[in-house]
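Worksheet for the structure shown next.
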Amino acid sequence: MVQAWSLSQPDWTCKIDEGPAGIAYARWSPDSRHILTTSEFQLRLTVWSLVNTACVHVQWPKHASRGVSFTKDGKFAAICTRRDCKDYVNLLSCHSWEIMSVFAVDMVDLAGVEWSPDDSAIVVWDSLLEYKVLIYSPDGRCLFKYVAYESGLGVKNVAWSPCGQFLAVGSYDQVVRTLNHLTWKTFAEFTHAASVRSPSNAAIFKEVDDPWQLDMSELCLSEGFSCNMQGNGAENGTEGGSRVKYAVMDAPITLPLQKPATDKPNPKQGIGMLSWSSDSHYFFTRNDNMPTTLWIWDICRLELAAVLVQKDPIRAATWDPTCPRLVLCTESPHLYMWTPSGACCVNIPLPNFQVVDLKWSSDGSCLLLKDRDSFCCAAIVSPLPEEEASQSDDSSEDE
Numbered sequence: 045m046v047q048a049w050s051l052s053q054p055d056w057t058c059k060i061d062e063g064p065a066g067i068a069y070a071r072w073s074p075d076s077r078h079i080l081t082t083s084e085f086q087l088r089l090t091v092w093s094l095v096n097t098a099c100v101h102v103q104w105p106k107h108a109s110r111g112v113s114f115t116k117d118g119k120f121a122a123i124c125t126r127r128d129c130k131d132y133v134n135l136l137s138c139h140s141w142e143i144m145s146v147f148a149v150d151m152v153d154l155a156g157v158e159w160s161p162d163d164s165a166i167v168v169w170d171s172l173l174e175y176k177v178l179i180y181s182p183d184g185r186c187l188f189k190y191v192a193y194e195s196g197l198g199v200k201n202v203a204w205s206p207c208g209q210f211l212a213v214g215s216y217d218q219v220v221r222t223l224n225h226l227t228w229k230t231f232a233e234f235t236h237a238a239s240v241r242s243p244s245n246a247a248i249f250k251e252v253d254d255p256w257q258l259d260m261s262e263l264c265l266s267e268g269f270s271c272n273m274q275g276n277g278a279e280n281g282t283e284g285g286s287r288v289k290y291a292v293m294d295a296p297i298t299l300p301l302q303k304p305a306t307d308k309p310n311p312k313q314g315i316g317m318l319s320w321s322s323d324s325h326y327f328f329t330r331n332d333n334m335p336t337t338l339w340i341w342d343i344c345r346l347e348l349a350a351v352l353v354q355k356d357p358i359r360a361a362t363w364d365p366t367c368p369r370l371v372l373c374t375e376s377p378h379l380y381m382w383t384p385s386g387a388c389c390v391n392i393p394l395p396n397f398q399v400v401d402l403k404w405s406s407d408g409s410c411l412l413l414k415d416r417d418s419f420c421c422a423a424i425v426s427p428l429p430e431e432e433a434s435q436s437d438d439s440s441e442d443e
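In terms of this note's numbering, the sequence shown opens at residue 45 and continues consecutively.
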C-alpha cells in the first residue's frame with residue numbers, strides 16, 4: 045500500500061492498493077499530481093492520478109526502481125519494458141499518459157535509461173555482463189554506440205552533467221570515462237588508484253578523532269551530575285566526549301582498500317557513486333572497493349580536485365542544487381561537507397541519530413537527514429553580510 049498526504053490540506057489523504065499484484069516501488073511524477081507504482085515481479089507499471097482517481101497501466105516494466113526517466117520539462121517519460129525476450133523503450137506523454145512511441149534497443153539485458161538535460165537524446169546501457177552504452181534520439185534512431193572494452197564486467201553508473209555537454213560512464217574497471225555531446229567521443233578518463241602520489245594538486249582531507257580539550261581541574265561536580273553528563277554524552281553518540289575533524293594530509297598517501305570476493309556475484313568494486321555538481325564544474329565518485337574514500341574531480345582542469353577519507357564507509361552523498369557544495373554521511377552522528385574552499389565535519393545534536401541517507405530540498409535551503417527509524421531537517425545558516433550585521437548591531441544598541 046502507498047499512502048500520500050497534503051502539506052497544505054491536512055484533511056486530504058490518499059491510499060493506493062494494488063491488491064494481489066503488490067507494490068515493489070513507488071515514485072512521483074514531475075507534476076506531483078500522479079504517483080507511479082510498479083507491481084511485484086514487474087507485471088505492470090501503473091500511473092495513478094491524485095486529481096480524478098484515474099489510472100493507466102504500462103505492461104511489463106523492465107525494473108522496479110530503475111528504468112524510468114522524465115524529461116527536464118516534465119512533459120515526457122521514458123520507460124524500459126521487456127516482452128518476448130526483447131528490450132524496448134516506451135515514450136509516454138505525461139499529460140495524457142498515452143504511449144507516443146516504442147522502439148527496440150540493441151541490448152542483451154537493458155539496465156537503465158536517462159534523458160539528457162536538454163531532452164534531445166536518451167542514453168541506455170547494458171547490464172554488468174557486457175559493456176555497451178547507446179545514445180538514441182527521441183524518434184528511436186541510434187546516434188552512437190560506445191564500447192570501452194569487451195572482456196570483463198561492464199557499466200555500473202551513468203550520469204549526465206546538468207549542462208548536458210558531458211556524459212560520465214563509471215564501470216567495474218574503476219575508471220570513469222567522459223564523453224562530449226558533439227561527437228560522443230571520449231575526451232578524458234579518470235582512474236582510481238590505491239594511492240595519491242605527488243605531484244598532485246588535490247586537497248586530501250582525512251577524518252580523525254578530535255577529543256574535547258577541557259580543563260576540569262578547578263571544577264567540583266557532584267557525583268549524580270557527573271554520571272548524568274557521562275550518560276548524556278554516550279546517548280548523543282559523542283563517543284565518550286570526543287568529536288571528529290578533518291586533517292589535511294600531504295601526498296603521497298595510501299588509501300584504504302578492500303579486496304572484493306571473487307567467489308560471489310556482484311563484486312563490491314567499480315564506480316558505485318557518480319554525481320555532478322549543479323554548475324557541471326565538479327563530479328564526485330566512490331570506488332566500491334574503497335568505500336571510505338570520496339573522490340572529487342574538476343572537469344575544467346581534468347584533474348583530481350579533492351579526496352575525502354572517512355573512518356566509516358560512505359553511505360550517501362549529494363550536491364547542493366544551487367552551488368558546488370557537497371554533503372555526505374557515513375551512518376554516524378556526524379555530517380560532512382565540502383566546498384572548493386575547504387571541508388568540515390558537523391556534529392548532529394540528537395541522541396542516537398545515525399545518518400544513513402540525505403537529500404536536499406529543491407531550492408537548497410533545507411537538508412533532510414534520515415536515520416533508520418526517524419528523520420530530521422537541517423538548514424544551512426549563512427553568515428550575515430557586513431552591512432546587515434552592522435545594522436543589526438546598531439538596532440540592538442538603540443534598543
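Backbone N, C-alpha and C define an ideal beta-carbon position, used for all residues, glycine too.
Subject >> Whole beta strand (DSSP E) elements within the segment 350-397, 3-residue minimum >> reply: 360-363, 370-373, 378-383, 386-391
Original post:
What whole-angstrom Cβ distance do A295 and V240 have, given they're in contact under 8 angstroms?
Top reply: 5 angstroms
**OP:** Return the chain-ordered ranges of every beta strand (DSSP E) run that is complete within the segment 105-170 and spans a minimum of 3 residues.
**Re:** 112-114, 120-127, 130-137, 143-148, 154-159, 166-170
Subject >> Range of the contiguous beta strand (DSSP E) that encloses M317 >> reply: 315-320
Original post:
By the 10 Å Cβ neighbour count, where 16 or more other Cβ atoms means buried, how is E62 classified, buried or exposed?
Top reply: buried
**OP:** Could you have a look at A65 and say whether DSSP puts it in helix, strand or coil?
**Re:** helix
Original post:
Just how far apart, CA to CA, sit L80 and Q86?
Top reply: 13 angstroms
Original post:
Can you give the beta carbon distance from V112 to V100, rounded, assuming they're within the 8 angstroms contact cut?
Top reply: With a Cβ gap of about 14 angstroms, V112 and V100 do not count as contacting.
Original post:
If you drop the 5 nearest sequence neighbours on each side, which residues of the same chain put their C-beta closer than 7 angstroms to that of A423?
Top reply: S409, C410
Original post:
Do you know how far the Cα of D170 is from the Cα of W320?
Top reply: 22 angstroms
Original post:
Alpha carbon to alpha carbon, how far is H236 from V102?
Top reply: 41 angstroms
**OP:** Note down the Cα distance separating A65 from V351, rounded to an integer number of angstroms.
**Re:** 46 angstroms
**OP:** Provide the residue(s) that pair with A422 in DSSP beta bridges, ordered along the chain.
**Re:** L411
Original post:
How far does the beta strand (DSSP E) with A232 in it reach, from first residue to last?
Top reply: 230-235
Subject >> Coil, strand or helix - Q86 by DSSP >> reply: helix
Original post:
Which runs of the beta strand (DSSP E) fall wholly inside the segment 166-249 and span at least 3 residues, in chain order?
Top reply: 166-170, 177-180, 186-190, 199-204, 210-215, 219-224, 230-235
Subject >> Under the three-state DSSP convention, the category A70 falls into >> reply: strand
**OP:** My understanding is that K355 touches N333, with C-beta atoms under 8 angstroms, so please give their C-beta distance in whole angstroms.
**Re:** Between N333 and K355 the Cβ distance is about 17 angstroms, and since that is not below 8 angstroms, they are no contact.
Original post:
Going by Cα to Cα distance, which pick from S195, T230, V167, Y180 is closest to N201?
Top reply: V167
Original post:
So, helix, strand or coil for C344, using DSSP?
Top reply: coil
**OP:** Assign Y190 to buried or exposed, taking buried as 16 or more other Cβ atoms, counted over all protein chains shown, within 10 Å of its Cβ.
**Re:** buried
**OP:** Within its chain, find whatever has a CB closer than 8 angstroms to the CB of V149; leave out the 5 residues flanking it on each side and keep chain order.
**Re:** D131, Y132, V133, V168, L178, Y180
Original post:
Got a sec? Which residues, its chain only, sit under 7 angstroms from R221 by beta carbon, not counting five neighbours each side?
Top reply: A192, V213, T230, E233
Original post:
Between A305 and E174, what straight-line distance do the alpha-carbon atoms span, to the nearest angstrom?
Top reply: 20 angstroms
Original post:
Tell me which same chain residues have a C-beta within less than 8 angstroms of the C-beta of W104, skipping the five on either side of it?
Top reply: Q86, L87, R88, T125, R126, R127
Original post:
Buried or exposed: where does N331 fall if 16 or more other Cβ atoms within 10 Å of its Cβ makes it buried?
Top reply: buried
Original post:
Do L348 and A361 come within 9 angstroms of each other at the CB atom, strictly closer than that value?
Top reply: no
**OP:** Identify, in the order they occur along the chain, each residue of the same chain with its Cβ nearer than 6 angstroms to the Cβ of F269, setting aside the five sequence neighbours on each side.
**Re:** Residue placement at F269 is poorly supported in this model, since its pLDDT is 47, which falls under 50; the coordinates still yield a value, given next. Here the set comprises nothing.
Original post:
By the 10 Å Cβ neighbour count, where 16 or more other Cβ atoms means buried, how is V152 classified, buried or exposed?
Top reply: exposed
Original post:
Of the residues K119, W141, P74, which one's Cα is nearest the Cα of A98?
Top reply: W141
Subject >> Span separating the alpha-carbon of H139 from that of S324 >> reply: 30 angstroms
Subject >> When H107, C129, S145 are compared against F120, the one with the closest alpha-carbon >> reply: S145
Original post:
Counting along the chain, where does the beta strand (DSSP E) carrying L402 start and finish?
Top reply: 401-404
Original post:
Quick one: is W49 buried, meaning 16 or more other Cβ sit within 10 Å of its Cβ, or exposed?
Top reply: exposed
Original post:
Comparing alpha-carbon positions, which option in L301, N396, A387 lies nearest P357?
Top reply: L301
Original post:
Below 9 angstroms between beta carbons: does that hold for L299 and T337?
Top reply: yes
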